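Q: What follows is a single structure, and I will ask about it in a moment.
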Amino acid sequence: MDTTCDQHGSWDVYLKSCPCRDVLDLLANKWTALVLGVLAQRAHRFGELRRAVGGISQKMLTQNLRNLERDGFVSRKVFPTTPPTVEYALTPMGAEVSAHLVALSTWSQSNFDRIRDARSTYDTRSLEPVN
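Okay, structure coming up:
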């Protein structure tokens, strides 16, 4: 039975109606993890972020930065230059969550050979006829 989330002062991401799922969805996105990982190093301008996160489109980066700013993970500072310079940085909450995402990224890189081997084993097995 799905009850209303936060009816007792707490959130439960496992409930279908819980708005926490939106945050989980944002944080589980590969682009979000990569952007936060880059910003964990230092503040960046938009172009620097786009170059640092290989393969991200301008539109996707813009959407991710807006969502991260809206949820309080990233701050946006505009400098009065011509043209205006915009810099993105982690907020304290962004730094807290990025530590977890950087750890997950590091784990993924360190264990990718194992994952690739498991995929190969699975793919070979799944080609065998089913009895």
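Under full-length UniProt numbering, the residue at position 41 of the sequence shown is numbered 41, and the numbers go up by one with no gaps. Think of the CB as a built atom: it goes at the ideal place given N, C-alpha and C, for glycine as much as any other residue. Note that this is a predicted model, so its numbers are computed, not measured.
(1) Taking Cβ to Cβ, would you say Phe-46 is nearer than 8 angstroms to Val-86?
(2) CB residue 134 to CB Gly-54, shorter than 8 angstroms?
(3) Can you list, in chain order, the residues of its chain with a C-beta nearer than 6 angstroms to that of Tyr-14? Leave out the 5 residues immediately preceding and following it.
(4) State the Cα-Cα distance for the pair Pro-19 and Leu-27, rounded to the nearest angstrom.
(5) Does Tyr-122 come out as helix, strand or coil in the three-state DSSP assignment?
(6) Apply the 10 Å Cβ neighbour rule to Ala-33 and answer buried if 16 or more other Cβ atoms are within range, or exposed otherwise.
A: For this structure:
(1) In the sequence shown, the residue the question calls residue 46 occupies position 46. In the sequence shown, the residue the question calls residue 86 occupies position 86. Their beta carbons are under 8 angstroms apart, which means Phe-46 touches Val-86 by this criterion.
(2) Any question about residue 134 goes unanswered here, given that the chain covers just 1 to 131.
(3) Locating residue 14 in the sequence shown gives position 14, where the first residue counts as 1. For Tyr-14, where only same-chain residues beyond five positions count, there are no Cβ hits under 6 angstroms.
(4) Residue numbering aside, residue 19 sits at position 19 when the sequence shown is read from its first letter. Residue numbering aside, residue 27 sits at position 27 when the sequence shown is read from its first letter. When rounded, the distance between both Cα atoms is 14 angstroms.
(5) Along the sequence shown, one-based indexing puts residue 122 at 122. Three-state DSSP puts Tyr-122 in a helix.
(6) One-based indexing of the sequence shown puts residue 33 at position 33. Ala-33 should be labelled buried.
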